[in-house]
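Okay, so here's the structure we're looking at.
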Amino acid sequence: SLAEQGEHALQQITSALDGSKTDAVLCVAGGWQGGNAASKNFLKSVSASVSQSIDTSAVAASVAAKCLKPDGLLALTGASAVAAARGTPGMIGYGLAKAAVHQMVASLSMDGSGVQAKVIGILPTTIDTPSNRAGMPSADFSSWTPTADIADKLYAWAAGSAPCENGRLYTFVTEAGKTRVE
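Just add 8 to wherever you are in the sequence shown, counting from 1, and you've got the numbering used here.
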């Protein structure tokens, strides 16, 4: 269950921290699921998207509320395609899950949320990973965001060497192999 997963994660993290607090909690879990309401595996894709995006973000939020320094950073992973769209008819489960993550960022960044740190969302388009390359071998990889670009920006935000705004959704845009954050 989600509660059991959250308790297990919290137990492992608090044990590793040994009474200390952490600078950042980064939830970069996720995965893409396609399908519309008529698709054979529609409900399965919705369930997978909820598990991959909403459940992992909820666990990260719970961990952040208990283990994050007051000046720390909680980053959750949304999706630029969902933020820019009015709907996602060809990927309904994915769209609803990522929209929920965007809403979690907004709620968790507010007073009374239980998280006493900055909360942001990162919105990549397509991340350049081996599994994405295997799944889309003829795609234009120069428009995919390298994992190192995301990691570098998250590190800069967490370390305080680059400013970030509480509650903001940051879009990662990669063109011709160059990444910018908007």
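All C-beta atoms in this analysis are idealised placements derived from N, C-alpha and C, irrespective of residue type, glycine included.
The Cβ atoms of L76 and T30 sit closer than 8 Å to each other. Note on M118: under 16 other CB atoms within 10 angstroms of its CB, so exposed under the neighbour-count rule. Under a 10 Å Cβ-count criterion, M112 is classified as buried, with 16 or more other Cβ atoms of the shown protein chains found around its own Cβ. Looking at the backbone, the Cα of T96 and that of S146 are separated by about 23 Å. L162 counts as buried, since at least 16 other C-beta atoms from the protein chains shown sit within 10 angstroms of its C-beta. The C-beta of P78 has fewer than 16 other C-beta atoms within 10 Å across all chains shown, which makes the residue exposed. When DSSP states are grouped into helix, strand and coil, R141 belongs to the helix group.
Per the Cβ contact rule, the segment 16 to 34 is in contact with the segment 56 to 76 (3 or more Cβ pairs under 8 Å). When beta bridges are read from the DSSP output, M99 appears opposite G43.
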